[in-house]
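Chains as they are written, first to last, in our numbering: chain A, 176 to 481; chain B, 19 to 699. Positions of the beta carbon are idealized from the N, C-alpha and C atoms, including for glycine. This structure is a prediction, so every number in the text was calculated from the model and none was measured.
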Amino acid sequence: MSAGHKIARCLLQLMLCWFVPAGYAAEDLRVLLVLSDNNAPYQTFVNTFRQNLPVHIHTTILPVAEDFDAQQADLIVTVGVKAADRVAARSTLPMLAAMIPSNTYVDLLAKRRSARLTSAIYLDQPWARQAALLHAAMPERHRIGVLYSPGTRLDMSALRAALVEQGDTLLAKPLHNAGSLFSDMEEVLVASEVLLAVPDSAIYNSNNIRNILLSSYRRGIPLIGLSQAYVKAGALCAIFSTPEHLAEQARSVTVTFAQTRTLSAAQFPKHYTIAVNQEVARTLGLTIPSAEALRIQIEKSSGSLR
Amino acid sequence: MIKKQHTAIALLYLVSHTCYAADFSSETDYYQELPVVLSASRLSQPLSEAPNAMTVIDRKMITASGFRSIPDLFKLVPGMYVSYYKGSQAFVAYHGSTDQYARRMQVMIDGRSVYMPLTSTVDWADLPITVDDIERIEVIRGPAAASHGANSTQGVISITTRDAGWMDGKSISVTRGSKGINDVAARIGRRGDTLDYRMTLAYSADNGYDNLSTPPKNIPITQPKAAGLLNNSFDSNQARLLNYRADYHPNAVDRYDIQFGLNRNVQAVGWTDSVGNPVHDLIANTSFMQLGWIRLLDNNAEFSLRYSHIGQDQHEAFTVFSLANQSVKSSRDEIELQHTLPLSESNRLVYGAAWRNDQVAAQGYAQALFLLYKASPAYSSSSNTNEYRVFAHDEWRITPQFLLNTGGMFERDALGHQNVSPRVALNFHVTPQHTLRMGTSIAYRTPALAESSFRALQPGVLFVPNATVTSPGLMPERLISREIGYLGEFHEWNSTLDLRLFSDQVSNGIFHDQTFKKSFVNGMSSVYQGVEATVKHSFDEDRHVTVNFAHELARSNAPSLLSAGYLKFVSSAPWTNDILSGSTPRDSASALYSQRLSGDVSFSAAYYYQAAMQPFDRGPIDFQPTQRRMDARVAKAFNQGGGVKAELALVLQNLFDTRYTEYVANNVFNRRGYVTLTLNW
Numbered sequence: 176m177s178a179g180h181k182i183a184r185c186l187l188q189l190m191l192c193w194f195v196p197a198g199y200a201a202e203d204l205r206v207l208l209v210l211s212d213n214n215a216p217y218q219t220f221v222n223t224f225r226q227n228l229p230v231h232i233h234t235t236i237l238p239v240a241e242d243f244d245a246q247q248a249d250l251i252v253t254v255g256v257k258a259a260d261r262v263a264a265r266s267t268l269p270m271l272a273a274m275i276p277s278n279t280y281v282d283l284l285a286k287r288r289s290a291r292l293t294s295a296i297y298l299d300q301p302w303a304r305q306a307a308l309l310h311a312a313m314p315e316r317h318r319i320g321v322l323y324s325p326g327t328r329l330d331m332s333a334l335r336a337a338l339v340e341q342g343d344t345l346l347a348k349p350l351h352n353a354g355s356l357f358s359d360m361e362e363v364l365v366a367s368e369v370l371l372a373v374p375d376s377a378i379y380n381s382n383n384i385r386n387i388l389l390s391s392y393r394r395g396i397p398l399i400g401l402s403q404a405y406v407k408a409g410a411l412c413a414i415f416s417t418p419e420h421l422a423e424q425a426r427s428v429t430v431t432f433a434q435t436r437t438l439s440a441a442q443f444p445k446h447y448t449i450a451v452n453q454e455v456a457r458t459l460g461l462t463i464p465s466a467e468a469l470r471i472q473i474e475k476s477s478g479s480l481r
Numbered sequence: 019m020i021k022k023q024h025t026a027i028a029l030l031y032l033v034s035h036t037c038y039a040a041d042f043s044s045e046t047d048y049y050q051e052l053p054v055v056l057s058a059s060r061l062s063q064p065l066s067e068a069p070n071a072m073t074v075i076d077r078k079m080i081t082a083s084g085f086r087s088i089p090d091l092f093k094l095v096p097g098m099y100v101s102y103y104k105g106s107q108a109f110v111a112y113h114g115s116t117d118q119y120a121r122r123m124q125v126m127i128d129g130r131s132v133y134m135p136l137t138s139t140v141d142w143a144d145l146p147i148t149v150d151d152i153e154r155i156e157v158i159r160g161p162a163a164a165s166h167g168a169n170s171t172q173g174v175i176s177i178t179t180r181d182a183g184w185m186d187g188k189s190i191s192v193t194r195g196s197k198g199i200n201d202v203a204a205r206i207g208r209r210g211d212t213l214d215y216r217m218t219l220a221y222s223a224d225n226g227y228d229n230l231s232t233p234p235k236n237i238p239i240t241q242p243k244a245a246g247l248l249n250n251s252f253d254s255n256q257a258r259l260l261n262y263r264a265d266y267h268p269n270a271v272d273r274y275d276i277q278f279g280l281n282r283n284v285q286a287v288g289w290t291d292s293v294g295n296p297v298h299d300l301i302a303n304t305s306f307m308q309l310g311w312i313r314l315l316d317n318n319a320e321f322s323l324r325y326s327h328i329g330q331d332q333h334e335a336f337t338v339f340s341l342a343n344q345s346v347k348s349s350r351d352e353i354e355l356q357h358t359l360p361l362s363e364s365n366r367l368v369y370g371a372a373w374r375n376d377q378v379a380a381q382g383y384a385q386a387l388f389l390l391y392k393a394s395p396a397y398s399s400s401s402n403t404n405e406y407r408v409f410a411h412d413e414w415r416i417t418p419q420f421l422l423n424t425g426g427m428f429e430r431d432a433l434g435h436q437n438v439s440p441r442v443a444l445n446f447h448v449t450p451q452h453t454l455r456m457g458t459s460i461a462y463r464t465p466a467l468a469e470s471s472f473r474a475l476q477p478g479v480l481f482v483p484n485a486t487v488t489s490p491g492l493m494p495e496r497l498i499s500r501e502i503g504y505l506g507e508f509h510e511w512n513s514t515l516d517l518r519l520f521s522d523q524v525s526n527g528i529f530h531d532q533t534f535k536k537s538f539v540n541g542m543s544s545v546y547q548g549v550e551a552t553v554k555h556s557f558d559e560d561r562h563v564t565v566n567f568a569h570e571l572a573r574s575n576a577p578s579l580l581s582a583g584y585l586k587f588v589s590s591a592p593w594t595n596d597i598l599s600g601s602t603p604r605d606s607a608s609a610l611y612s613q614r615l616s617g618d619v620s621f622s623a624a625y626y627y628q629a630a631m632q633p634f635d636r637g638p639i640d641f642q643p644t645q646r647r648m649d650a651r652v653a654k655a656f657n658q659g660g661g662v663k664a665e666l667a668l669v670l671q672n673l674f675d676t677r678y679t680e681y682v683a684n685n686v687f688n689r690r691g692y693v694t695l696t697l698n699w
């Protein structure tokens with residue numbers, strides 16, 4: 176397309192805008208971002224989301240999810256579970272729920288009066304990717320231990336299938352009760368070679384993490400974490416998506432929506448980061464590849480080179 | 019109305035919030051802040067990166083060994099000599115020992131130095147911990163003065179007790195066995211959001227060695243009678259102890275370690291046929307307190323401050339013609355601060371300073387001294403000494419293959435000597451699985467108060483130092499150590515090999531001058547050379563074995579000191595006229611096998627071997643022939659349900675009853691066994 180054509184096209188668009196009322200301009204899109212909270216991860220999400228956003232996409236931010244009361248927009252992007260729940264229950268507008276764990280999506284759909292035009296960008300990694308990390312980081316360790324609260328509704332059979340695919344086995348133990356955390360944990364540690372953390376705040380919280388890490392360290396069993404904070408705390412490694420990763424993906428879904436007015440199916444994060452605590456690896460006598468080398472191996476195994 | 023609405027919203031928020039917390043995962047599970055748990059001070063250095071040869075005895079090995087006495091655990095360290103002067107008076111020495119005090123090793127519990135100032139030795143029976151309170155032991159074989167200070171000339175034993183949060187609940191264990199073995203321990207532990215603590219209350223008793231009625235080692239009966247071997251020894255021991263450890267972590271960056279403990283130990287000492295040291299009780303009350311603060315700084319840096327206090331009060335009363343008594347009160351206060359600072363991705367610096375104050379007040383009264391020697395029957399002395407040290411240690415990963423450890427310490431010791439102890443070691447990872455290490459270091463040992471102010475005439479077993487310095491010019495012993503180490507991991511065979519060649523040269527060695535002076539002097543030179551190896555192998559996930567071996571040759575100027583009359587004892591080892599060489603076991607080995615069986619049953623067996631040797635300051639009657647010993651342990655765990663767990667364990671020591679003798683030939687180690695029942699809930 177030559178420069179002349181471009182100018183002509185712009186002029187044509189300008190003329191069209193002139194006659195069509197502003198609110199109904201074909202490419203104009205009003206996006207309402209509803210945040211679960213106003214602190215760091217959500218702010219980072221917003222900042223990244225708005226970077227390089229086409230000019231015809233207009234964003235409004237609602238920093239407190241409770242303030243959402245069926246405000247109008249062409250697309251509502253919710254950030255976090257709380258915002259997603261609130262919007263799902265009160266609005267039938269097209270909705271993209273970003274930064275939600277995949278196992279909460281079914282409930283979210285149930286809350287929607289119309290499941291039409293609902294999508295999500297999950298926060299958690301697909302099990303296959305998690306399994307690929309375990310295999311790439313510690314090919315000699317095959318018994319993967321997981322302790323989880325029965326209420327978390329984590330899909331253990333899917334995790335088991337993903338691990339079996341890699342030649343690993345899963346020892347998944349449901350937490351007996353709140354008081355039995357450490358005795359249950361000991362049972363998992365005794366029978367495992369690796370402890371895999373799951374998003375379960377009854378087990379993995381800032382109070383318990385200390386004794387969980389110390390118990391596993393005493394037994395020479397590495398913990399695979401859920402975030403950078405886990406790795407800094409003493410987990411061996413973690414694969415996770417940052418708010419920036421999720422925001423980029425949400426932006427590209429939004430741009431597509433602006434063009435097609437359709438939402439693709441709910442998706443796992445496309446981009447992720449791997450963090451490795453080499454200090455912990457050395458102490459446990461493990462030789463673990465660098466984060467970069469692990470990424471290459473994982474991408475090879477998933478057959479997608481990016 | 020508005021207020022009500024707000025309350026309702028707040029309630030709704032709370033309900034929904036707890037709902038997320040309990041039942042569903044949310045993004046907060048991923049983006050929550052967590053405290054740094056495994057910080058630099060928590061992480062132990064891997065063997066392949068340590069600047070010294072190091073042996074680690076972990077919890078699994080401790081359990082598998084079946085030992086109920088802490089010093090016995092060091093039989094699992096290659097080249098370590100563990101022996102007993104009495105049933106409860108153990109000593110642990112590397113490169114042999116010149117007497118039963120084994121003064122040349124640093125021993126620490128959670129960083130607190132526990133060799134006591136007077137004789138610079140460890141009273142193992144007086145430690146306020148039990149074997150079950152230990153999480154792991156790291157033993158540095160070779161000098162480590164650059165990082166651990168005076169007295170680390172031959173090596174360093176570093177005991178780490180269980181974390182404050184290791185258990186959440188209660189446990190009771192009862193042990194009964196032969197030789198009067200009778201132990202009871204009660205433990206309680208609690209894990210909290212900001213405070214973890216654990217406490218042990220224990221009683222431990224045994225009758226020590228059997229009183230000999232027949233001579234060991236086929237010695238003609240006339241000789242043991244003359245040497246006082248038969249029916250003359252009592253060495254029972256009862257210890258009551260308590261220890262408490264709390265870990266207070268109010269926030270993500272500060273951690274406080276609070277510990278205290280007590281031990282009241284009563285042991286039978288002396289000999290029925292001794293005039294100056296008849297059988298009597300030695301009573302020791304030992305207490306300690308330790309406060310530690312660790313603050314995590316940015317970039318994985320760490321600041322730590324530790325204060326500890328140890329108090330020991332020992333006394334004995336006995337009859338030498340008339341009633342005599344002696345008492346020794348010693349105390350130690352120590353403050354250490356340390357800053358760990360990563361200078362770059364590949365370089366980490368640790369530096370710090372420490373101050374230590376040692377006080378001893380001792381006194382005795384024995385009318386016999388006047389009757390026999392016209393010496394004053396009452397005697398006493400006290401001492402109050404300070405020492406300071408500053409140290410720095412740098413760990414530099416020059417390339418992924420080369421790791422350079424350099425360190426040094428400057429100290430001003432209790433006697434005013436100023437020493438610099440440098441160390442340099444280069445670790446070369448030929449491949450990630452194969453590491454070569456070369457190191458050299460210089461270390462000093464400060465003379466003990468018992469050596470510099472020696473009292474020759476003294477009844478009983480306690481040592482009351484002389485009020486005046488008897489060896490005014492006594493200098494620290496100096497040791498130059500060189501070593502080459504190899505560490506290999508053989509994944510295909512599930513094995514590791516740790517090999518070390520060493521040459522340690524001691525100058526200014528301190529020994530007891532047997533000429534008319536009867537005091538401690540410098541002047542012994544010795545060289546220790548040898549090879550040590552540790553092989554670990556896993557047959558499968560349930561069967562593991564560790565084998566240690568040491569071959570060591572020592573030589574010294576002892577023969578010339580002997581001919582000049584400085585030494586009293588002639589070597590009765592047929593292979594050498596050098597008693598120092600004779601007192602160093604030439605070959606020693608140990609093997610520990612453990613196996614997990616079905617039905618919650620575990621089995622372990624251990625074998626210990628030590629070649630014949632002649633203790634340095636004992637007569638030919640105490641010649642120690644070759645020691646061979648086999649131990650076994652079988653345990654079964656029961657899960658009672660309802661959170662109650664039990665374990666029943668049987669330990670048999672010296673299975674084949676080889677009846678070997680210890681440092682003192684009266685101590686014959688024959689077969690013994692005990693059963694332990696532990697309940698946890």
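Proximity to residue i [Cα-Cα], best of the options
i: B/Val619; options: B/Ala655, B/Ser400, B/Ser589; result: B/Ala655
i: A/Ala335; options: A/Arg328, A/Leu345, A/Leu329; result: Reading off the sequence, residue 335 of chain A comes out as Arg, not Ala. A/Arg335 has its Cα closest to that of A/Leu345, out of A/Arg328, A/Leu345, A/Leu329.
i: B/Leu422; options: B/Glu680, B/Arg441, B/Thr240; result: B/Arg441
i: B/Arg122; options: B/Ala162, B/Thr453, B/Asp128, B/Glu153; result: B/Ala162
i: A/Gly409; options: A/Ala372, A/Ser376, A/Leu438, A/Phe443; result: A/Ala372
i: B/Leu390; options: B/Asp47, B/Ser399, B/Phe339, B/Val284; result: B/Phe339
i: B/Ser322; options: B/Gln377, B/Gln658, B/Arg60; result: B/Arg60
i: B/Asp76; options: A/Gln403, A/Leu421, A/Thr417, A/Tyr392; result: A/Tyr392
Nonlocal neighbours in the same chain, by C-beta distance under 6 Å from residue i, ignoring five residues either side
i: B/Ser222; result: Asp201, Ala257
i: B/Asn685; result: Tyr102, Tyr227
i: B/Ser606; result: Ala568, Gln628
i: B/Tyr262; result: Met217, Phe278
i: B/Trp311; result: Tyr274, Leu323
i: B/Pro268; result: Thr212
Other residues of its chain near residue i: CB distance less than 8 Å, five sequence neighbours each side excluded
i: A/Tyr297; result: Ile275, Pro276, Ser277, Tyr280, Ala441, Gln442, Phe443, Pro444
i: B/Thr137; result: Tyr119, Arg121, Ala466, Leu467, Ala468, Phe481
i: B/Leu579; result: Phe529, Gly541, Met542, Leu585
i: B/Ala342; result: Ala335, Phe336, Gly382, Tyr383, Ala384, Gln385, Ala386, Pro477, Gly478
Which of helix, strand or coil DSSP assigns to residue i
i: A/Gly354; result: helix
i: B/Trp142; result: helix
i: B/Phe674; result: coil
i: B/Gln658; result: strand
i: A/Lys407; result: helix
Next on the checklist: Give the list of continuous beta strand (DSSP E) stretches no shorter than 3 residues that lie fully inside the stretch 337-385 of chain B.
Outcome noted: 340-362, 365-383
Checklist entry - Relative to chain B, which residues along the stretch 444-455 of chain A have a C-beta separation below 9 Å, given in chain order? => result Asn452, Glu454, Val455
Checklist entry - Quick one: complete alpha helix (DSSP H) runs, 4+ long, within the stretch 154-224 of chain B? => result 163-166
Checklist entry - Using Cβ-Cβ distances below 9 Å, what residues of the stretch 351-376 of chain B are close to chain C? => result No chain C appears in the structure shown, which is made up of the protein chains A and B.
Item to check | Every unbroken beta strand (DSSP E) within the stretch 455-512 of chain B, with a cutoff of 3 residues, ordered by chain | outcome: Segments of the beta strand (DSSP E) lying fully in the stretch 455-512 of chain B: 495-508.
Item to check | Chain-ordered residues of the stretch 171-188 of chain B with a beta carbon less than 7 Å from chain A | outcome: Asp181, Gly183, Asp186
Item to check | chain A contacts made by the stretch 196-222 of chain B, where a contact means CB separation under 9 Å | outcome: The residues in question are Arg209, Gly210, Asp211, Thr212, Asp214.
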